[in-house]
Amino acid sequence: MSRFRTVAPAIGLVLVLAGCGTTTTSPSTAASTPASAPPAATASAPGSVAPTPAASQGDKFKGVNVNILTFNGPQVAEPLQRRAPDWEQLTGGHVNVVAVGFQTIYDKALLDASTGTNAFDAYVFNPQWLGDFTGPGYLMDLTDRVNNDPQLDWQDIGPFFRDFNATYDGKVYTIPLDGDFHMVYYRSDILEKDGVKPPATWDDYLTIAAKYNGQDLNGDGQPDYGSCIAKKKGAQSYWWIISIAGGLLQGKGTADGAFFDTTNMNPLLGQNEAMTKALETYAKTADFGPPDELNMDVGGTRGLFTTGRCALSMDWGDIGTLTPGTYAQDKTGATITPGWNQVLDRATGKLVPCDATTCPNAVDGVNYAPFASFGGWSGAVNAAAPKEQQDAAYDFLSYMSSPAISGVDVTLGKTGYNPYRTSHFENIKPWTDAGLSEAAATNYLGAIKASLQNKNMVLDMRIPQTKRYEQDVLDTAVSQYLAKELDAAGAEQAIADGWNAITDEVGKDKQLAAYVASLGVQR
Amino acid sequence: MSPALASNGSPITLDPGELTAEGGAPRTREPRRAIPSLGALRSDGAARWLFIWPTVLFILGLSLFPLVASVALSLSKLTFRKGGIDLTWVGFNNYQSLLFGLERSHFLGVLKPPNPIGWAVVIASIGLMGWAWTRAVRSGRYGPFGLALRLFAGVAFVGFVWVLVQAMASEGGRPGSLIVTLIFVFAGIGLQLLLGLGLALLAVQQVPWRRFFRVVFIIPLTITPVGVGYMFLMLTDTSKGPLEPVWVALGLRDFTWVTDPWLARAAVIIGDTWQWTPFVFIVLLAALESLDQEVREAALTDGASRWQSFRHITMPAILPVTTTIVLIRLIEGFKIIDMPNILLGGGPGTATQSMTLQAYIDWNTLNLGRSAAVAYLLLILVTIVATVFVSLARRPVTEVA
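Respectively, the protein sequence lines represent chains V and U.
361 is the number of the first residue of the first sequence in the working numbering; add one for each residue after it.
277 is the number of the first residue of the second sequence in the working numbering; add one for each residue after it.
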């Protein structure tokens with residue numbers, strides 16, 4: 361027996377070590393980010409864009425080496441790596457792009473900054489993390505620079521991305537390189553043939569999905585689906601539910617916030633009629649979707665939509681740039697995320713009809729709230745980097761975001777970047793160069809413009825512990841609801857309890873202040 | 277730490293026999309004579325310091341440090357500030373939350389009053405433990421401490437069965453990650469053992485192409501678990517996967533593996549079994565090939581049936597090896613993460629969320645304290661299961677030996 365007794369602690373030690381190893385090396389499904397388009401999606405090669413005159417400043421950064429941490433998509437890192445030599449030629453500096461897995465960026469950047477290692481001069485990451493980075497002062501305040509930079513042309517960037525996404529507590533910390541928000545895609549050929557208008561409300565969405573579900577939509581003789589919206593756990597489900605709930609939760613503009621009541625930090629995605637309606641609608645879309653939609657992430661629904669198997673789908677801007685060369689080419693229309701005729705009365709938890717007071721931004725009585733989920737890849741400069749590196753890193757990010765450079769990059773599926781500037785949807789040529797027909801490009805850009813100009817856009821959560829609120833509590837509760845482990849009331853309770861627990865753990869006042877600051881609300 | 281290693285100061289003459297493995301014959305003193313140049317280090321104390329301590333410290337650093345650090349982490353909360361990380365002591369909050377608080381429904385499961393079958397299982401387990409303990413008392417082999425320990429183990433077992441039936445044999449109950457992990461481990465290992473043994477028995481026969489099949493059977497073992505996960509993700513995709521035409525031809529157009537919790541768990545177990553059966557197969561094949569065929573042939577000549585010769589000759593002979601394989605697979609199986617994570621993300625709902633996956637999600641959302649707490653509870657569970665398995669398997673193996 362003695363030998364066996366000695367075995368047990370040894371097993372224990374091995375397990376702890378192995379356990380540590382498992383957690384650090386295991387793959388992440390959550391890495392399916394908005395930018396992770398299927399590899400099949402290859403757009404035409406980029407035209408080599410001449411450097412902008414403003415950037416031609418000789419050997420301004422001669423001998424300066426800039427280390428930038430980003431996502432190894434291969435999208436997202438691709439344009440940075442491809443454009444770096446051009447910038448190096450212009451400035452004499454050198455850019456070293458360190459590309460890592462999606463989940464690793466956050467930890468690596470946070471540990472790099474918090475431990476004072478400062479191996480990176482800049483990060484191209486998720487602006488949702490601003491709350492965790494600006495609080496301890498890890499990022500450089502870029503407010504003055506962006507406002508005095510002709511190369512960047514700050515005012516050309518969409519007001520939402522400029523004033524909310526790049527800004528935290530009134531200060532600019534990031535330079536947008538990508539514009540991420542949800543839109544609804546539909547099969548323009550079949551809807552037009554039947555004289556059906558694209559969905560304006562989620563009720564319309566369900567009606568259209570029901571109408572086309574079970575019909576052959578791509579001529580292969582097999583029945584297809586009315587709606588494809590990903591529902592897999594550990595993927596993007598928590599973002600779709602926010603998109604559906606957005607129009608019910610937020611009526612008075614972006615600063616109103618869609619996650620918490622800005623007066624008392626009560627979760628809005630909690631126990632109220634709006635959340636019940638949103639959950640029921642999300643679950644209802646599954647009735648018109650593929651049988652295994654519950655286990656499908658956005659890669660799966662993109663594959664189905666581009667092969668002509670879905671009448672409707674919800675996605676980031678990616679489907680627009682993925683359709684060239686697929687069955688859905690020139691058969692795809694895009695529209696602003698549907699809204700609602702009702703909105704939540706935060707005092708009572710009941711839904712009330714939309715009117716001039718409750719939904720001042722409503723269009724034809726519909727309260728739209730396009731959700732800038734994730735927010736788009738953005739560049740930030742490390743506050744602790746040496747001055748020379750900071751200047752060079754800023755210049756490179758500004759170069760990447762400049763209208764001429766980004767105007768081409770956002771039209772290419774391989775970059776993972778979506779439009780975020782006014783000039784991006786005013787200049788149609790790069791889009792037709794990338795393979796979209798003029799009609800498709802106009803329609804796609806029209807939907808982007810409608811979303812970008814909407815004053816009620818929903819800003820994604822950006823407070824400390826955002827990952828826990830969204831990827832742990834919200835994702836789990838929504839998955840449990842979709843799998844019928846919880847009913848709507850149970851899921852709402854789970855979200856409210858889980859979110860309140862995190863809020864209390866960090867400190868309610870601190871989190872409320874952070875949430876208000878993230879919305880740019882001045883008190 | 278061995279007392280010999282702890283002592284220092286005055287020179288101690290070390291008997292090399294002390295360092296040999298248990299049961300090994302004491303070595304002769306020849307090796308010492310073979311290195312006369314160490315004469316200067318005649319003092320064994322100094323030699324011990326020089327040669328043993330660095331290794332001991334290295335191993336302790338690698339093994340004990342993570343063990344202690346993860347205990348500390350599981351009892352604290354991590355926050356970032358400028359210039360560093362703060363660990364705030366939160367006591368047993370993380371454990372409390374998992375076992376009794378907000379996270380209990382995810383960790384233990386949703387516990388509801390048992391149905392009649394559940395009650396029957398509970399009563400049976402109480403009866404079994406009572407009988408075993410009474411037997412231990414009557415045997416007179418154990419002192420008061422041993423009996424108390426056995427009583428405690430019995431009560432703990434009944435407590436575990438009580439949690440199990442509330443989650444599994446009740447109206448509205450649902451297993452959490454702890455029970456889901458146990459389902460994966462025991463169902464997976466059971467299948468792997470049966471299939472591995474079956475394949476090994478086939479491959480040991482003098483059949484044509486046997487070398488070819490031996491190689492083919494081992495292939496799954498060489499694929500990385502992540503790759504296997506993605507492969508099964510494609511195979512279980514009934515709407516656009518490579519098997520879609522098969523499902524349609526079978527009239528199962530609307531069939532899916534992934535909406536029913538038990539079908540989803542079955543998909544994970546099938547994938548895990550596909551990957552690990554070859555391991556069981558290859559070890560058992562080696563054990564079977566090393567058997568003395570004469571005994572078996574003699575038995576057959578004496579009129580024993582094939583089953584009798586397998587039951588009374590082959591099985592006892594391969595039992596020690598089988599026990600070892602099961603122990604290795606038990607320890608390995610508890611860490612299952614790739615298959616449920618890639619195939620289903622732990623879904624539908626939380627149906628396939630294993631403990632390691634739960635720890636991973638917590639770790640991923642920088643909830644390091646709770647992640648460490650889950651990992652520690654996993655360590656305790658594995659230690660208990662492995663120890664119980666070893667104690668139960670010891671007697672039959674010893675009898676065979």
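All C-beta atoms, glycine included, are put in the ideal place defined by N, C-alpha and C.
Residue state for F557 (chain U) is assigned as helix, using DSSP reduced to three classes. Under the Cβ distance rule, T331 (chain U) does not count among the residues neighbouring chain V, no pair being separated by less than 8 angstroms. Listed along chain V are K593, T836, S839, Q840, A843, E845, each with a C-beta nearer than 9 angstroms to that of T626 (chain U). Taking 8 angstroms as the cut-off, the beta carbon of Q825 (chain V) is found closer than this to the beta carbon of I862 (chain V). Around the C-beta of R671 (chain U), fewer than 16 other C-beta atoms lie within 10 Å, and the residue is accordingly described as exposed. Assigned with DSSP and collapsed to three states, H542 (chain V) falls in coil, not helix or strand. H454 (chain V) is bridged by DSSP to V:N425. Under DSSP, P451 (chain U) takes part in a beta bridge, and its partners are U:G385. With contacts defined as CB atoms closer than 8 angstroms, L608 (chain V) and L672 (chain V) fail to qualify as a contacting pair. D857 (chain V) reaches chain U at L378, counting residues in chain order whose Cβ is nearer than 7 angstroms. In the DSSP annotation of this structure, the continuous segment of the beta strand (DSSP E) that includes F356 (chain U) starts and ends at 352-357. For I361 (chain U), the closest Cβ of chain V is nearer than 8 angstroms. Between T614 (chain V) and L879 (chain V), the gap from beta carbon to beta carbon is short of 8 angstroms. Counting only unbroken stretches of 4 or more residues, the alpha helix (DSSP H) elements lying wholly within the region 469-527 of chain U are 486-498, 501-511, 520-525, in sequence order. By the beta-carbon neighbour count (other beta carbons within 10 angstroms, threshold 16), F428 (chain U) is exposed. The alpha-carbon of A848 (chain V) is positioned some 15 angstroms away from that of G709 (chain V). Neighbours of F356 (chain U) in chain V, taken as residues whose beta carbon is under 7 angstroms from its own, are L470, S474, D492, P496 in chain order. Here the alpha carbons of N432 (chain V) and G461 (chain V) stand approximately 6 angstroms from one another. Each of V:S758, V:F619, V:A794 was checked against the Cα of L512 (chain V), and the nearest Cα belongs to V:S758.
The alpha-carbon separation between P650 (chain V) and V650 (chain U) amounts to approximately 35 angstroms. Shortest Cα-Cα distance from A562 (chain U) to any of U:P521, U:L440, U:V480 involves U:V480. D530 (chain U) has its alpha-carbon roughly 48 angstroms from the corresponding atom of S585 (chain U). For P536 (chain V), no alpha helix (DSSP H) segment is defined; the enclosing uninterrupted segment is the beta strand (DSSP E) at 534-536. Distance from G385 (chain U) to P451 (chain U) at the Cβ level is roughly 4 angstroms; contact confirmed, criterion being Cβ atoms closer than 8 angstroms.
When the five nearest sequence neighbours on each side are left out, the beta carbons in the same chain lying within less than 6 angstroms of the beta carbon of T512 (chain U) are those of W533, A543, in order along the chain. With a 10 Å radius around the Cβ and a threshold of 16 neighbouring Cβ atoms, F557 (chain U) comes out buried.
Ranked by Cα distance from L796 (chain V), the options V:T771, V:A469, V:C719 are led by V:T771. Using a Cβ distance threshold of 8 angstroms, V457 (chain V) and A444 (chain V) count as a contacting pair. Here L470 (chain V) is near D492 (chain V), since their CB atoms are less than 8 angstroms apart. Nearest in C-alpha terms to P763 (chain V), of all of V:A752, V:Q813, V:T782, V:V833, is V:T782. According to the DSSP assignment, W365 (chain U) belongs to the beta strand (DSSP E) that extends over 360-365. For a cut-off of 8 angstroms, the C-beta gap from G464 (chain U) to D548 (chain U) is around 5 angstroms, short enough to register as a contact.
Annotated three-state conformation of F485 (chain V) is strand, per DSSP.
In this structure, S761 (chain V) and I535 (chain V) form a Cβ contact; the two beta carbons are roughly 5 angstroms apart against a cut-off of 8 angstroms. A direct Cα-Cα distance of roughly 14 angstroms separates T645 (chain V) from D675 (chain V). Within chain U, the C-beta atoms nearer than 8 angstroms to that of E865 (chain V) come from K353, in chain order.
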